[in-house]
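Going by our numbering, the final residue of the sequence shown carries number 626, and the count climbs one at a time with no gaps. Even glycine gets a Cβ: it sits at the ideal position worked out from N, Cα and C.
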Amino acid sequence: MKCQRKVKAVNRELMVHARIEETIFYPALENADETRDITLEAFEEHRLVKQLLGELQSMGKDEEEWTAKFTVLKENIEHHVEEEEGEMFTKARKVLSEEDAETLGTRMEKARNEQLKAAAAR
């Protein structure tokens with residue numbers, strides 16, 4: 505069951521991260537023409553990651569598909585991070601003022617700290 509604990513820990517961290525992006529960062533970008541497509545794609549990538557995490561949590565590690573599904577999850581997360589750090593952040597810098605970007609960063613950090621604290625209390 506050690507793997508299931510790891511999946512739960514990864515799930516908690518990813519859900520906090522996704523919730524913050526979906527409620528703070530992406531809404532700031534989704535209405536700008538330059539960032540609309542990549543933002544919609546990011547929402548869809550989050551949906552897929554949540555689905556895979558749910559499936560992994562309900563599977564036994566000894567099931568043959570578990571490792572394959574975990575690999576797909578890992579690859580999807582890596583792709584998402586690369587796309588965000590590259591294309592999305594570059595486009596975000598074009599549509600957000602420096603002040604707006606700083607405000608978003610502060611809001612996201614505060615939300616992350618609050619959500620991790622709440623998750624740890626559970």
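- For ASN535, no alpha helix (DSSP H) encloses it, and the DSSP letter there is neither H nor E.
- No residue range can be given for ARG626, since it is assigned to no alpha helix (DSSP H) and is classified by DSSP as neither H nor E.
- Boundaries of the alpha helix (DSSP H) harbouring THR594: 593-599, taken from the DSSP string.
- As the crow flies, the alpha-carbon of LYS595 is around 28 Å from that of ASN515.
- In summary, ALA625 is exposed, with fewer than 16 beta-carbon neighbours lying within 10 Å of its beta-carbon over all protein chains present.
- Sequence-distant partners of ARG611 (beyond 5 residues in either direction) whose C-beta falls short of 8 Å from its own C-beta, in its chain, are ILE528.
- Short of 6 Å from the beta carbon of THR539, and not among the five residues preceding or following it, lie these beta carbons of its own chain, in chain order: LEU533, LYS595 and VAL599.
- Separation of LEU608 and VAL553 (C-alpha to C-alpha, rounded to the nearest whole angstrom) is 24 Å.
- Taking all protein chains in view, the Cβ of THR571 is surrounded by fewer than 16 other Cβ atoms within 10 Å, so the residue is classified as exposed.
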